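Asks: Residues in the sequence shown are numbered consecutively from 1380, following our numbering.
Handing you this structure, nothing more for now.
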Amino acid sequence: MVNHVLITGASQGAGKATALRFAQGGWEWTHAARNRERLDTVAQTFQAMGRQALAVPTDVGDAQQVTQLIEKALDTYGRVDALINNAGICLTGPAVNTSLDDWHQILDTNLWGCIHTIQALLPAMLAQGSGTIINVGSFGGKMPLPQMTAYCTSKYALTGLTESLRIELASEGIHVGIVHPGVINSDFLERAMFRGKSDQEASERQQQMQQTLQSSWVSQPEDIAEAVWKAVKQQQAEVVVGPVAIATELNRLFPQLTQWALASRRPR
Ligand SMILES: NC(=O)c1ccc[n+]([C@@H]2O[C@H](COP(=O)([O-])OP(=O)(O)OC[C@H]3O[C@@H](n4cnc5c(N)ncnc54)[C@H](OP(=O)(O)O)[C@@H]3O)[C@@H](O)[C@H]2O)c1
1380 MVNHVLITGA SQGAGKATAL RFAQGGWEWT HAARNRERLD TVAQTFQAMG RQALAVPTDV
1440 GDAQQVTQLI EKALDTYGRV DALINNAGIC LTGPAVNTSL DDWHQILDTN LWGCIHTIQA
1500 LLPAMLAQGS GTIINVGSFG GKMPLPQMTA YCTSKYALTG LTESLRIELA SEGIHVGIVH
1560 PGVINSDFLE RAMFRGKSDQ EASERQQQMQ QTLQSSWVSQ PEDIAEAVWK AVKQQQAEVV
1620 VGPVAIATEL NRLFPQLTQW ALASRRPR
């Protein structure tokens, strides 16, 4: 029997690389994102490899669209063996310059997006008595990051969701894990939001992020894809990808020290 994976945010970046990794592993998949054209392009590439792929344009922040996504995946393949909650967006800027609309956008995508897929798929996974759910978090869900309060809120919540659900579902044959990337050289700047007390400050922040992406320690989308693949195959509970694992481990062992160091950095 061919396994079936459902991946959100699979039209670009780490999600697209993850879809490719599962295709190489012999899986069929459903993938979702908002932009239909990009999704179809990805589906056609993989269909050319002889793999079956279902592309369903979906905004994960919309519960009704997500319900339809899950129904289509189950109608087409009969089951979902792995759910990869990868869709996510980023916001950088001081909390005081983060509007309520910004907060809603971040939480709707990064947190509610995952809740919507899990809520819609869980009855089917429980009925089949097996399945894996991997949430894509962030090192910002393991340690606080200055000027990223809304983003960290969404990713810390995802860490809590993952750990609680793992315990709850362990006896049901369902594994729940989380992969925390560091900075990824992906397409995230296309939809990342930058805030500041002026447009100039926000744009400086964006330029700074662009420079960071040139650093040698930054992960590539394929690194995240490999980590997600292993998390599913080896049923791993938590993986931090890349050199940021040193920082998250330091924060776990010496939270006061790391948080003092982060607080001492002058905000730009
Ligand atoms: N990039 C980083 O440095 C970094 C660091 C730590 C963690 N992460 C996490 O890693 C994951 C992947 O990030 P990435 O950098 O690969 O992102 P990316 O290149 O920006 O790609 C994001 C994907 O998610 C989709 N998406 C965004 N909002 C969506 C929504 N509301 N509904 C459905 N799909 C949506 C996008 O397509 P559409 O726009 O067409 O919907 C796209 O396919 C995210 O969860 C992110 O938070 C990223």
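Don't be surprised by glycine CBs; every beta carbon is placed ideally from N, CA and C.
Just so it is clear, the structure is predicted and the values come from calculations on it, not from any experiment.
Which residues bound the beta strand (DSSP E) around GLY1556?
Replies: Stepping through the sequence shown from its first residue, residue 1556 is reached at position 177. Taken as a continuous stretch (DSSP letters only), the beta strand (DSSP E) holding GLY1556 covers 1553-1560.
Asks: Quick check: does the Cβ of ARG1584 come within less than 7 Å of any heavy atom belonging to ligand 1?
Replies: As a first step, residue 1584 is located in the sequence shown; it is residue number 205 there, counting from the start. Checking every heavy atom of ligand 1 against the Cβ of ARG1584, none is found closer than 7 Å.
Asks: Using 10 angstroms around the beta-carbon of VAL1475, count the other beta-carbons present and answer buried if the total reaches 16, otherwise exposed.
Replies: As a first step, residue 1475 must be located in the sequence shown, where it is residue number 96. Per the 10 Å Cβ criterion, exposed.
Asks: Quick one: what's got a C-beta closer than 6 Å to ASP1487's C-beta in the same chain, skipping five residues either side?
Replies: For the purposes of this step, residue 1487 is identified with residue 108 of the sequence shown, where counting begins at 1. Around ASP1487: GLY1440.
Asks: Tell me whether the beta-carbon of LEU1470 lies closer than 8 Å to the beta-carbon of MET1588.
Replies: Residue mapping note: residue 1470 aligns to position 91 of the sequence shown, counting from 1. Residue mapping note: residue 1588 aligns to position 209 of the sequence shown, counting from 1. Result no, Cβ atoms of LEU1470 and MET1588 do not sit closer than 8 Å.
Asks: Hey, would you say the C-beta of ASP1566 is under 7 Å away from at least one heavy atom of ligand 1?
Replies: For the purposes of this step, residue 1566 is taken as residue 187 along the sequence shown, with counting starting at 1. Yes, Cβ of ASP1566 sits closer than 7 Å to a heavy atom of ligand 1.
Asks: What does a CB cutoff of less than 6 Å around ASP1419 pick up in its chain, not counting 5 residues either side in sequence?
Replies: Along the sequence shown, one-based indexing puts residue 1419 at 40. Taken in chain order, the residues that qualify are ALA1434.
Asks: By a C-beta neighbour count over all protein chains shown, 10 Å radius and 16 as the cutoff for buried, is HIS1483 buried or exposed?
Replies: Stepping through the sequence shown from its first residue, residue 1483 is reached at position 104. Classification for HIS1483: exposed.
Asks: Pull the bridge partners of VAL1515 from the DSSP assignment, please.
Replies: Here residue 1515 refers to the residue found at position 136 of the sequence shown. According to DSSP, which records beta bridges pairwise, VAL1515 is partnered with VAL1558.
Asks: Less than 8 Å separating the beta-carbons of GLY1621 and PRO1560?
Replies: Position 242 of the sequence shown, counting from 1, holds the residue named residue 1621. Position 181 of the sequence shown, counting from 1, holds the residue named residue 1560. Yes.
Asks: Return the chain-ordered list of same chain residues with a C-beta closer than 6 Å to the C-beta of PRO1502, the five sequence neighbours on each side being excluded.
Replies: Taking the sequence shown and counting its residues from 1, one reaches residue 1502 at position 123. If we look at PRO1502 and ignore the five residues flanking it on each side, it has no Cβ neighbours.
Asks: For a minimum of 4 consecutive residues, which ranges assigned as the alpha helix (DSSP H) are wholly contained in the stretch 1556-1604?
Replies: Listed in chain order, the complete alpha helix (DSSP H) runs (minimum 4 residues) inside the stretch 1556-1604 are 1578-1591.
Asks: Is any heavy atom of ligand 1 found at a distance shorter than 7 Å from the C-beta of ALA1624?
Replies: For the purposes of this step, residue 1624 is taken as residue 245 along the sequence shown, with counting starting at 1. False, no ligand heavy atom lies under 7 Å from that Cβ.
Asks: Between ILE1513 and ALA1461, how many whole angstroms is the CB-CB distance? I'm expecting something under 8 Å.
Replies: Taking the sequence shown and counting its residues from 1, one reaches residue 1513 at position 134. Taking the sequence shown and counting its residues from 1, one reaches residue 1461 at position 82. Yes, they are in contact, since the Cβ atoms of ILE1513 and ALA1461 sit about 7 Å apart, within 8 Å.
Asks: Is ASN1489 helix, strand or coil when you go by DSSP?
Replies: For this step, residue 1489 is matched to residue 110 along the sequence shown. Reduced to three states, the DSSP call for ASN1489 is helix.
Asks: Assign VAL1623 to one of three DSSP states: helix, strand, or coil.
Replies: The sequence position of residue 1623 within the sequence shown is 244, counting from 1. Of the three classes helix, strand and coil, the one that applies to VAL1623 here is helix, per DSSP.
Asks: Give me whichever residues DSSP pairs with LEU1385 in a beta bridge.
Replies: Residue 1385 sits at position 6 when you count from the first residue of the sequence shown. According to DSSP, which records beta bridges pairwise, LEU1385 is partnered with THR1409 and LEU1462.
Asks: If you drop the 5 nearest sequence neighbours on each side, which residues of the same chain put their C-beta closer than 6 Å to that of ASP1438?
Replies: By one-based count along the sequence shown, residue 1438 stands at place 59. Same-chain partners within the cutoff: ARG1413 and GLN1444.
Asks: With respect to 7 Å, is the separation between the Cβ of ARG1413 and the closest non-hydrogen atom of ligand 3 below this value?
Replies: Ligand 3 is not among the ligands present in this structure, which contains only ligand 1.
Asks: In terms of alpha-carbon separation, which member of ARG1631, LYS1612 and THR1627 lies closest to ARG1400?
Replies: As a first step, residue 1400 must be located in the sequence shown, where it is residue number 21. When only C-alpha atoms are compared, the closest one is LYS1612.
Asks: Could you say which of GLN1579, GLU1416 and ALA1389 lies nearest to TRP1408 if we only look at CA atoms?
Replies: The residue given as residue 1408 occupies position 29 in the sequence shown. When only C-alpha atoms are compared, the closest one is ALA1389.
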